[in-house]
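Below: the structure, in structure tokens.
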Amino acid sequence: MQISFTLNGRPTTVDVEPATLVAELLREQLNLTGTHIGCDTSQCGACVVHLDGLPVKSCTLLAPALDGASLLTIEGLQGVPGSNRMHPMQEAFREHHGLQCGFCTPGMLMTAVALATEKPDLTEADVRHGLEGNICRCTGYQNIVVSVMAGAAAMNAKGE
Amino acid sequence: MGNVIGIGAAPKRKEDQRFLTGRGNYVSDIKRPGMTAGVFVRSPHGHAVLRGIDKSAALASPGVIAVLTGDDVADDGLGSLPCGWGITDAKGVPMKEPPFPMLAQDKVRFVGDMVAFVIAETPEQANAGAELLKIDYEVLSSVVGVLEAVRPDAPQLFDDVPNNICCDWELGDKAAVETAFKKAAHVAKLSLVNNRLIGNPMEPRAAIAEYEPGTDRFTLWTTSQFPHVVRFLMGALVLNIPQHKLRVVAPDVGGGFGVKQFHYGEEAVITWAAKRVMRPVKWVASRSEGYVSDRHGRDHVTEAELALDETGKFLAFRVNTLANMGGYLSTFGPNIPTNLYGPLLGGVYTTPAIYCNVKVVFTNTVPVDAYRGAGRPEATFVLERIVDVAASEMGIDRVELRRRNMIPKEAYPYQTPVLVQYDSGDPMGCLDGALVAADVKNFGVRKAASASKGKFRGLGYSTYVEACGLAPSRFAGRLGARGGLYESATVRVHPTGQVTVMIGTHNHGQGHETTFAQIVSDKLGVAFENVDIVFGDTDRVQFGMGTYGSRSLVVGGAALSKATDKVIVKGKKIAAHLLEASEADIQFEAGKFSVAGTDRIKTFEEIAGAAYVPHDYPLEVLEPGLEEQAYYDPVNFTYPGGCHIAEVEVDPETGTVTLVNYTAVDDVGTVINPMIVEGQLHGGIVQGVGQALFENAVYDEGSGQLLSGSLMDYCMPRADHLPMMKVATHSTLCTHTPMGVKGCGEVGTIGSPAAVINAVVDALSHLGVTHVDMPATPNRIWRLLQNASLPVAAE
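Line by line, the protein sequences give chains P and R. Residues in the first sequence are numbered from 1 upward in steps of one, following UniProt numbering. Residues in the second sequence are numbered from 1 upward in steps of one, following UniProt numbering.
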């Protein structure tokens, strides 16, 4: 079937098998491999994207659900494709060493941006609770929590 | 021009740009023209005779290209998966080493054992084809626990391995230990289980293989921590592919923790299959598949006894362990519970006599091998637990008992009775630092505050040492390593002065692209941004043993340091010629070659240019070019260590243990990048906390089914399980590595389980609890409190 949606700000039309998961569509058909698949039980959160501004695990969403919607992936987070300018949350993760192997990072960032958008004055407890659906095996979460709080503050300062 | 960023600075990581923007290059991201999809068919039984496989329906299924089984492996005369270590028993008899076929032949020995490989046009078609395979199993009884496996009536995995014992290994002076126990004023005893763990790097394993008939070359992309070792073992010992016809690439790898440091059968099957079907073949494991095929870790059952004199001095330590090997010997399998365990039983103490017996046992479970820490967390756990038991029984303060037995700083180098000689350390300094950082003096106030809320608060210590920087090759060879374990680095200076380093270690989260660039920037005076680190490709990197055992900086960094020294030596020769001075008069400092006592200078860039495009060059004595290679073999292990202090709160109503404070003061030697070291400590500690409080791989005795086979059943630490940790370093310098480094990748995981469990036991000690097995889940604690038949409400 044919579906049309906005992908990282651009109108997109694709033919998909109805049983295709959004994570597969992105990775296999659209070559957007920044969205990662770390599990098969919707536990790890490496595949989080924004659907109409809300964070969703793209491994649990079927592609037809995208029709008419707006999808933001890690590749679109910077805003300006191809530039080295980064989103304040990405900058915060770099500044505070909020990543090691990088595999959970796209999902962490997408979740973090959604958390900061939803509640501008995030507490540490908010961040830890909000990251419950994202597993990181490398960092022990400490620098991720620090990064998210710093990133949220930077987003507020820039009005993003 | 960028800046020199040297040793001790904390630049932001070079690798982050691509990871933050979704532009990493992991194996599962790679696509090749004409690529097919492969699916492994795995045994659903823990133990069964494989009577036959009917491929016909699967082969007729739409899109299926081929179905490969153990018979095809045998027909092609391929080898067994090799074990890299051969240990022996006390009499020198080699371990039992049954073959480990890449696809099962005759029998399956664990749930997840590979039976067939189905290749199709798409993953969906491969899965559909796999469903149609008719596999005739004669199901046998499984044995999964080590205590059960060594019983005379236990199911036998192999006809020629009596009682399922691979090796009955020992270390230490048994007679001296027995004598010391006779003189003891007190003997502390402890039985414990070191729980089985599953490493769970966030990136599942994956591989793609391709065969080019035009050049007769194979390429394997694999999620590996050591691509050269995969090329060597797989090419030379399994598939009979000459090394120059086999390229192994491990690009960005999403975490390893040991899980990706073995040569897996999947790699061999896929590489072999790519030539059979003459098309690229790709396989990506699901998380569930990883649970039953990634090598597991730990899984010990141990009896320990510590003999003390009346003042609390340790006289002797005796440890008997049954270690689970799983169904086959994995790459490092038998080395982990023996050589990486027994030699660490001295800990930071002056115990004069130690004896350790380890029975290495086969069971119907996933093969067990190295997982972050590997052997050393198990040793630390036994020792640090029994010290607490002894302190409690003798009525001596836990910290005081540790102090009375600690190796003083001035006693280093210190020869232990279990092979290893610690070159340097200051355990007392780490302990003192941690006591302050953890605010131990006000613990009583916090405990009272918890009690007022009906909670039990406990404090736990772990003062520990580990051995890393694998490995001094001669020493390792005597212990049974079938190959040396040195490391190599090539420093290629380009004609314009930028530098590319080719190094045999592998970066999968540790920040090598940054740390190693700092070393080069520091030593050569080249801008940090002008140094790139290349790893993970056997066509680009000369050779290397990869990354495990906290060896990358210790062994690889040392090779890199040596190679940069060689660049300076050659640069001085070129400078001497250009400056018409004697080589002995050339100085190199801050990126400039100068003639001593003059203002005659050549910059590093000028020397680089002169090396490649010379008009005027001493060709008769010196070759052009500025590229140097060095290999480094350490003379000893390095011995990082430290003191960890955990503080927990137990809710007696639910049995929930909450980690409320965590403090670590570690001696990791010279710190190249403190930001990265801190991150390694955080991550390591939380993996150890995971072992202590959450994680447990559980098998069903009899059926051999893995009951904790998904992220829903196997509890991983999450952000809201944890407090903000305090980590710091208290470094003494390693005396034998070029930069004084000791390694920091595993310390967190080694030190933390004992600290956490000691804190849990401390919280419950007023109820008569003397030991808690890991993981200290709410269920386990709640049952313990009920069975204690004691008042459980806080005062």
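By construction, the Cβ of each residue, glycine as well, lies at the ideal position given by its N, Cα and C atoms.
Could you name the residues of chain P that Met675 of chain R contacts, counting a contact when the two beta carbons are closer than 7 Å?
His97
Would Gly429 of chain R and Thr365 of chain R qualify as a contact pair, given that the criterion is a beta-carbon distance under 8 Å?
No, these two residues do not count as a Cβ contact at 8 Å.
Interface residues of chain A around Pro201 of chain R at Cβ under 8 Å?
The structure shown contains no chain A; its protein chains are P and R.
Just the Cα atoms here: how many angstroms apart are Val501 of chain R and Tyr486 of chain R?
17 Å
Assumed close pair Ala390 of chain R, Ala630 of chain R - CB separation to whole angstroms, cut-off 8 Å
Rounded, the Cβ-Cβ distance is 47 Å, inconsistent with contact.
Take the Cβ of Asp388 of chain R as the centre, count every other Cβ of all protein chains shown within 10 Å, and call the residue buried at 16 or more, exposed below.
Burial call: buried.
Answer yes or no: do Val465 of chain R and Gly425 of chain R have a C-beta to C-beta separation smaller than 8 Å?
In this structure, Gly425 of chain R lies closer than 8 Å to Val465 of chain R by Cβ.
For Leu131 of chain P, go through chain R and note every residue whose CB falls closer than 8 Å to its CB, in chain order.
Arg718, Ala719, Asp720
Pull up the DSSP beta-bridge partners for Tyr26 of chain R, would you.
Answer by DSSP bridge pairing, in chain order: R:Asp252.
Interface residues of chain P facing Ser710 of chain R [CB-CB closer than 7 Å]:
Per Cβ cutoff of 7 Å: Thr41.
Using C-beta distances below 7 Å, list every residue in its chain close to Thr658 of chain R, excluding the 5 sequence neighbours before and after it, in chain order.
Val648, Glu649
Is Pro204 of chain R close to chain P? Criterion is C-beta to C-beta, closer than 8 Å.
Yes, contact with chain P.
From the DSSP output, read off the bridge partner residues of Arg492 of chain R.
R:Thr500, R:Glu627
Mapping the DSSP letters down to three states, classify Cys430 of chain R as helix, strand or coil.
Shown here, Cys430 of chain R sits in a helix according to DSSP, grouped into three states.
List the residues of chain P whose Cβ lies closer than 7 Å to the Cβ of His244 of chain R, in chain order.
None at all; the shortest Cβ gap to chain P is about 31 Å.
Would you please state the rounded distance, in angstroms, between the beta carbons of Ser473 of chain R and Asp633 of chain R? I believe it to be under 8 Å.
5 Å
Would you check if the distance between the CB atom of Ala206 of chain R and the CB atom of Val118 of chain R is smaller than 8 Å?
no
Chain R contact residues for Gly140 of chain P, given Cβ-Cβ distances below 9 Å
Gly679, Leu681, His682, Gly683, Gly684, Ile685, Val686, Gln687, Val689, Pro717, Leu722, Met725, Gly748
For Leu344 of chain R, the residue or residues it bridges with in DSSP
BP columns for Leu344 of chain R are empty, so no partner.
Have a look at His771 of chain R and Ala152 of chain P and give me their C-alpha separation to the nearest angstrom.
Each residue's alpha carbon lies about 43 Å from the other.
Which of the three DSSP states, helix, strand or coil, is assigned to Thr223 of chain R?
The answer is coil: DSSP assigns Thr223 of chain R none of H, G, I, E or B.
Along chain R, which residues have their Cβ under 9 Å away from the Cβ of Ala73 of chain P?
Reading the sequence as shown, one finds Thr at residue 73 of chain P and not Ala. Ordered by position in chain R, the residues that pass the 9 Å Cβ test against Thr73 of chain P are Gly22.
Could you name the residues of the segment 262-294 of chain R whose beta carbon sits closer than 7 Å to any beta carbon of chain P, in the order they occur along the chain?
Ser286, Arg287, Ser288
So which residues of chain P does His512 of chain R contact, with C-beta pairs closer than 9 Å?
Identification of chain P residues near His512 of chain R by a Cβ-Cβ cut-off of 9 Å yields none; the smallest Cβ-Cβ distance measures about 11 Å.
Helix, strand or coil for Ala793 of chain R? Go by DSSP, reduced to three states.
Caution applies to Ala793 of chain R, whose pLDDT of 46 falls short of 50 and renders its modelled position unreliable; the model cannot decide the point.
Tell me His300 of chain R's beta-bridge partners as DSSP assigns them.
R:Asn194, R:Ala323
Which residues in chain R sit within 8 Å of Gln29 of chain P, going by Cβ to Cβ distance?
Ordered by position in chain R, no residue passes the 8 Å Cβ test against Gln29 of chain P, which lies about 11 Å from the chain.
Delimiting residues of the beta strand (DSSP E) encompassing Arg42 of chain R:
36-42
Quick one: complete beta strand (DSSP E) runs, 3+ long, within the segment 558-608 of chain R?
586-589, 592-595, 601-603
Proximity test, Cβ basis, 8 Å: Phe226 of chain R and chain P
no
Does Arg94 of chain P get closer than 8 Å to chain R when you measure Cβ to Cβ?
yes
Whose Cβ in chain P lies nearer than 7 Å to the Cβ of Gly557 of chain R?
Against chain P, the beta carbon of Gly557 of chain R has no neighbour under 7 Å; the closest one sits roughly 18 Å away.
Alpha carbon to alpha carbon, how far is Glu24 of chain P from Ala63 of chain P?
Glu24 of chain P and Ala63 of chain P have their C-alpha atoms spaced approximately 9 Å apart.
Using the beta-carbon count (16 or more within 10 Å), is Asp160 of chain R buried or exposed?
exposed
Could you give the C-beta distance for Cys138 of chain P and Gln100 of chain P, rounded to a whole number, given that I count them as a contact under 8 Å?
Their Cβ separation, rounded to whole angstroms, is 4 Å, which keeps Cys138 of chain P and Gln100 of chain P in contact under 8 Å.
Using a Cβ cut-off of 7 Å, pull out every chain R residue sitting near Asn143 of chain P, in sequence order please.
Annotation: Cβ neighbours of Asn143 of chain P in chain R (cutoff 7 Å, chain order): Gly679, His682.
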